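One structure is given below, encoded as structure tokens.
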Amino acid sequence: MNKFLHKMERKFGRYAIQNLSLALILCYGAGYLIKILNPAFLNYLTLNPYQILHGQIWRLVTWIMIPPSELNLFTLFMLYFYYSIGTNLERTWGAFRYNVYLFSGMIFTVLGSFILYAILNVQDAQIIQQMGAEGYFGTLGRIYFAQFSTYYVNMSIFLAFAATFPNVQVLLMFIIPIKIKVLGIIYAVMLIYELVISNLPIRVIILASLFNFIVFFFTTRNYKQISPKEIHRKRAFKQAVRHSGMENVTQVGGKSVVTRHKCAICGRTELDDDTLEFRFCSKCEGNYEYCMDHLYTHEHVHKR
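What follows is the structure, given as structure tokens:
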């Protein structure tokens, strides 16, 4: 996945939207303004597949303006928090990868709404025949489809941040210091519990909105590093470094060879694969270089 994204970034990276988190919050601002001036108008902006299939195609985009909650002081703090973590992810991943992550979450949400639309068509065929499709989906549109908002998309941003920076500390209720990975685990448990107790439509909404994080999590885990072969490789590499006294050294044909690049996690160099690319991490304290497989998944080094 990382190699594919890197190739796509080379081709289309210049088209990435900078500061995408701010753009999303500005959309919320427009949604709150509409809610104050004409609350009923929000019904024309929701992600309702029935209305989309009958010509109201603007709903494919305007649903992101639906505010995730009521406007109050807590909401303002939460929006600032999501803006902060989203901006940090964008700086770490790059604007293109952050765009891909956020837009894929929105696309999966749209697909999820049409999947739910199809499920309801099959399950409630008799009711639809009695009420008429327009009346049925007009009613359910305000119940189920209105819940297709960016709430869970924002949650996916938080979970991605917790997976990328697990040891970052935040102040819970502005007082209690806690690592972000702990909050991530708590939120994950809450989401799993919600999936268990909810009905099918709500499950579709949650899974569709968080599918981008599911893809991100399983495609960025490097399970190869715990294999016996990789463990032996790491031990041999550390011994070579210890004996040579040089950082970028590897064994080739029984000889020590100095390389230009070396991943601080897996020890691979440009000699292992000439298509590998290496970058330094701006978050680590020290001169640490990583291959693309570990640039976004490693634990940052902090000197004490």
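Residue numbers (the working numbering): 3 to 306.
We put the beta carbon where it would ideally sit given N, CA and C, even for glycine.
Only a predicted model underlies this, so the values are computations on that prediction, with no experimental measurement involved.
Assigned with DSSP and collapsed to three states, leucine 73 falls in coil, not helix or strand. Note that the C-beta distance between arginine 262 and cysteine 293 is not below 8 Å. Annotation for proline 51: the continuous alpha helix (DSSP H) segment containing it runs 51-55. Pairing leucine 39 with tryptophan 65 gives a Cβ-Cβ distance that is not under 8 Å.
Distance check between proline 41 and each of Met67, Leu26, Asp126 places Met67 closest, using alpha-carbon atoms only. Per DSSP, reduced to three states, the secondary structure at arginine 281 is strand.
Counting C-beta atoms within 10 angstroms of its own C-beta, glycine 288 has fewer than 16 neighbours from the protein chains shown and is therefore classed as exposed.
Annotation for phenylalanine 215: Ser158, Leu161, Ala162 place their beta carbon closer than 7 Å to its own, counting only its chain and skipping 5 residues before and after. The continuous beta strand (DSSP E) containing tyrosine 292 extends over residues 291-293. Distance from the CA of leucine 273 to the CA of isoleucine 188, rounded to the nearest whole angstrom, comes to 42 Å. Assigned with DSSP and collapsed to three states, proline 41 falls in helix. At a Cβ-Cβ threshold of 8 Å, alanine 210 and glycine 114 count as neighbours. Beyond the five residues adjoining it in sequence on each side, glycine 88 comes within less than 6 Å, by CB distance, of Ser23, Ile159 in the same chain, given in chain order. Bounds of any beta strand (DSSP E) do not take in isoleucine 59, whose DSSP letter is neither H nor E. Residues of the same chain with a CB within less than 7 Å of the CB of valine 112, apart from the 5 flanking positions on each side, are Leu49, Leu62 in chain order. One thing to note: tyrosine 119 has its Cβ no nearer than 8 Å to the Cβ of leucine 212.
Here DSSP, grouped into helix, strand and coil, assigns isoleucine 87 to helix. Look at isoleucine 267 here: in three-state DSSP terms it is coil, with no helix or strand label. In the structure shown, the three-state DSSP call for valine 206 is helix. Inclusion of glutamine 171 and lysine 181 in the CB contact set at 8 Å is warranted, their separation being smaller than that value. Boundaries of the alpha helix (DSSP H) around isoleucine 187: 182-199.
Taking the C-beta atoms as reference points, lysine 285 is found nearer than 8 Å to threonine 94. Within the same chain, Cβ atoms closer than 8 Å to the Cβ of glutamate 301 are found at Pro168, Asn169, the five residues on either side in sequence being excluded. A straight-line Cα-Cα distance of about 15 Å links leucine 91 and leucine 26. Contact annotation, tyrosine 103 with phenylalanine 218: C-beta distance approximately 6 Å; criterion of less than 8 Å satisfied. Only exposed fits arginine 12, as fewer than 16 other CB atoms lie within 10 angstroms of its CB.
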